[in-house]
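Take a look at the structure below.
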Amino acid sequence: MKVSDSSSSTSALGNTSLKGFGGLASGLDRDALIEQLTSTTNSKITKTNQNITRQEWRQEAYNSITDKMIDMEDDYLSYSGKTSIVNNSLYAKSDVTAKGNSSSTSLISATGNSNLLDYISVKGVSQLASSAYFTSTKMTDSSTGETATKSSKLSDLGFSDRNITDMTINGKSFEVTGESTISNLVSAINNSDAGVKATYVESTGKFMFFDKETGEESEVKLNGAAKALFGEDESQFTAGKDAVMYVSYGGSEPVAITSHNNTFNVDGLKVTASGTFGDISVADGTVSYDAGASVTFTASANVDKATERVKEFIEAYNKLVEEVNTHVTTRPSSGYDPLTEEQEDEMTEKEIEKWNKKAKEGILYNDSEIRNFSYELHGMMNDIIRGGISYSDLESIGITMSSDHADGGQLSFDEDKFRKAMETDSTKVEEIMCGTEEKTGFGATINKQLTPYATRYASRNGNSYGRLVEVAGSTKLSATKNNNEIYKKTKDYKEELEKWKSKLKTEQDRYIKQFSNLETLINSMNSQSSYLSSLSY
Numbered sequence: 376m377k378v379s380d381s382s383s384s385t386s387a388l389g390n391t392s393l394k395g396f397g398g399l400a401s402g403l404d405r406d407a408l409i410e411q412l413t414s415t416t417n418s419k420i421t422k423t424n425q426n427i428t429r430q431e432w433r434q435e436a437y438n439s440i441t442d443k444m445i446d447m448e449d450d451y452l453s454y455s456g457k458t459s460i461v462n463n464s465l466y467a468k469s470d471v472t473a474k475g476n477s478s479s480t481s482l483i484s485a486t487g488n489s490n491l492l493d494y495i496s497v498k499g500v501s502q503l504a505s506s507a508y509f510t511s512t513k514m515t516d517s518s519t520g521e522t523a524t525k526s527s528k529l530s531d532l533g534f535s536d537r538n539i540t541d542m543t544i545n546g547k548s549f550e551v552t553g554e555s556t557i558s559n560l561v562s563a564i565n566n567s568d569a570g571v572k573a574t575y576v577e578s579t580g581k582f583m584f585f586d587k588e589t590g591e592e593s594e595v596k597l598n599g600a601a602k603a604l605f606g607e608d609e610s611q612f613t614a615g616k617d618a619v620m621y622v623s624y625g626g627s628e629p630v631a632i633t634s635h636n637n638t639f640n641v642d643g644l645k646v647t648a649s650g651t652f653g654d655i656s657v658a659d660g661t662v663s664y665d666a667g668a669s670v671t672f673t674a675s676a677n678v679d680k681a682t683e684r685v686k687e688f689i690e691a692y693n694k695l696v697e698e699v700n701t702h703v704t705t706r707p708s709s710g711y712d713p714l715t716e717e718q719e720d721e722m723t724e725k726e727i728e729k730w731n732k733k734a735k736e737g738i739l740y741n742d743s744e745i746r747n748f749s750y751e752l753h754g755m756m757n758d759i760i761r762g763g764i765s766y767s768d769l770e771s772i773g774i775t776m777s778s779d780h781a782d783g784g785q786l787s788f789d790e791d792k793f794r795k796a797m798e799t800d801s802t803k804v805e806e807i808m809c810g811t812e813e814k815t816g817f818g819a820t821i822n823k824q825l826t827p828y829a830t831r832y833a834s835r836n837g838n839s840y841g842r843l844v845e846v847a848g849s850t851k852l853s854a855t856k857n858n859n860e861i862y863k864k865t866k867d868y869k870e871e872l873e874k875w876k877s878k879l880k881t882e883q884d885r886y887i888k889q890f891s892n893l894e895t896l897i898n899s900m901n902s903q904s905s906y907l908s909s910l911s912y
């Protein structure tokens, strides 16, 4: 596709074209002549516009790289990242399975990890946690003596506005009056900060107030006014209870562990019970139990989760390497400058898109910063090995360097080998990926080597977001939008462009004036000639 050169005043000044008409008296094409006379300035405007476009393209290319790096840091190389590969818990044996009689294991679940996991045996649960609660006296209509319903007004039960206002449960009062119904009171209590759940049982005519917490420390406290309305006999109060589980360590005598909410901390293992089992009884300090109901635990790493996450990271890393390598090795195509407005007017949208794609190729070729970054990626495996992780260690879990030098330092991932390593020795995988006190892990090394080029955390990098971000900023870091080298360079070009436009306007105005004067002079001479000719007759 051929694109004609264009540096006319129209392309240089947008929609501003030369005003006026050609030389009617002189016969000269004034506008064409002025365009020729200002061609040098027009060329400067075109070139400056193209320089601005090239800087914008450079910034786009840089941003594509830095944004990928920051996403990689956020998602995979930060300890708190949602898909982190450097979080030890990813490789830990945290999937706990209860083993034993199905009647017992159906009532037990566990999470977490314990160094004593292999020695823990739950012999039974004798009691689940319960909350403290209070049962009121029977509510009756003071006029009829009939059992109150949920629609009964509080005033019909003998509750005065004063008594209701003074009433508190667990120190909290309620916005109800004598005209409020029992249902209104129940809703007011449940929507308050009293920490209790209220209900009214019409069949018995009694209120019940349950502490929302369970365990021995749960309570329902009524003040004097509340006791006068609902009763205050001790038999109306039922204390909360802690859950009790009996655990044996390595075959030792079972010991009781209590919990206020049915979840027990057993040396780092969180065990939750949903029912009682084990036929536990205690007599003279001796615990008796049904041995057939005992529950033990095994733990395994989540192999699927770890494998998929590491695979995703390596895919993301390889895309970054591929993009950088493409920029470094792709030479720009000659003859493909950024288009002028006039050139675009002669083309279809698809032609413009195709041209710009070709013109952007090689935009970062020979860019020193990108080239240096490419060298870093090429040498990443050496950096990992210098950190203490051997190549054979990485190979044993399926991570190697691509054998094709043209790949620019991409990694290869053997999913089956990694999965097998997780199944047989997840601790070793954890040490390779996350590191130890003596060795820097795979993920930490990559993060360390990428940080000087782009990072979300300037505090980790000498108060800099990284060299690539300094050059072009990042769409991920708003503070860098107008604070980068390309932005400043583009700003300089835009200021230069305005100067050239101003110069062009001055030149055009001067030439228009000169040609107008010429036309005036020629018209005057023509008039004189006509006059002299008329005298000869």
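The numbering of the sequence shown is the working numbering, which starts it at 376 and goes up by one. Where is the CB? At the ideal position from N, CA and C, for every residue including glycine.
- Query: Distance, Cα to Cα, Thr385 vs Glu736?
  - Reply: Summary for Thr385: the model assigns pLDDT 43, below 50, so the residue's position carries little reliability; its value from the coordinates is reported in the next sentence. Going by the C-alpha atoms only, they are around 28 angstroms apart.
- Message: Taking the beta carbon of Val576 as the centre, do at least 16 other beta carbons fall within 10 Å, making it buried, or is it exposed?
- Response: exposed
- Item | Candidates Ile764, Gly763, Met755: closest to Gly784 by CA position | Met755
- For Ala467, which residues from the same chain have a beta carbon less than 8 angstroms from its beta carbon, with the 5 sequence-adjacent residues on both sides left out? Asn488, Ala676, Ser801, Glu805
- Task: With distances taken Cα to Cα, identify the nearest neighbour of Lys680 among Asn859, Met797, Phe612.
- Result: Met797
- Query: Straight-line CA distance for Arg885 to Leu893?
  - Reply: 12 angstroms
- Task: Flag this pair as yes or no: are the beta carbons of Ser478 and Val497 separated by less than 9 angstroms?
- Result: no
- Query: Do you know whose CA, among Asn859, Thr647, Gly660, lies nearest Val670's CA?
  - Reply: Thr647
- Task: Can you give me the Cβ contacts of Asn836 inside the same chain, cut-off strictly under 8 angstroms, excluding the 5 residues immediately before and after it?
- Result: Thr826, Pro827, Thr830
- Please list, in chain order, all residues of the same chain as Ala614 whose beta carbon is under 6 angstroms from its beta carbon, the five residues on each side excluded. Ala507
- Alpha carbon of Phe817 to alpha carbon of Gly626, nearest angstrom: Between the alpha carbons of Phe817 and Gly626 lies a distance of about 41 angstroms.
- Query: So what does DSSP say about Ile632, is it helix, strand or coil?
  - Reply: The three-state reading of DSSP puts Ile632 in strand, counting E and B together.
- Message: Let me confirm a value: Asp659 is counted as buried when at least 16 other C-beta atoms fall within 10 Å, else exposed. Which label applies?
- Response: exposed
- Ranges of the alpha helix (DSSP H) found wholly within the segment 722-753, counting only runs of at least 4: 724-735, 743-753
- Reducing DSSP to helix, strand and coil, say where Tyr868 ends up. Of the three classes helix, strand and coil, the one that applies to Tyr868 here is helix, per DSSP.
- Item | Tyr575 - containing beta strand (DSSP E), residue span | Unbroken beta strand (DSSP E) run through Tyr575: 571-576.
- Query: With 16 as the cutoff for other CB atoms within 10 Å, does Gly773 come out buried or exposed?
  - Reply: buried
- Message: Please give the ranges of any alpha helix (DSSP H) in the segment 599-661, keeping only runs that are unbroken, at least 4 residues long and fully inside the region.
- Response: Complete alpha helix (DSSP H) runs here, min 4: 599-605.
- Message: Whole angstroms are fine: how far does the CA of Val461 sit from the CA of Arg429?
- Response: 39 angstroms
- Task: Throw me the rounded Cβ distance for the Thr651 and Val471 pair, which I believe falls under 8 angstroms.
- Result: Contact check for Thr651 and Val471: beta-carbon distance about 21 angstroms, past the 8 angstroms limit, so the pair fails to qualify.
- Query: Could you give the residue range of the alpha helix (DSSP H) that holds Ile821?
  - Reply: 817-825
- Just grab the DSSP bridge partners of Lys474 for me. Thr671
- Are Leu752 and Val696 touching if we call contact CB-CB under 9 angstroms? yes
- Hey, Ala523 and Gly456: beta-carbon distance below 9 angstroms or not? no
- Starting from Asp768, trace the alpha helix (DSSP H) both ways and give me its first and last residue. 766-771
- Is the beta carbon of Asn424 less than 9 angstroms from the beta carbon of Thr881? The answer is no: Cβ separation not under 9 angstroms.
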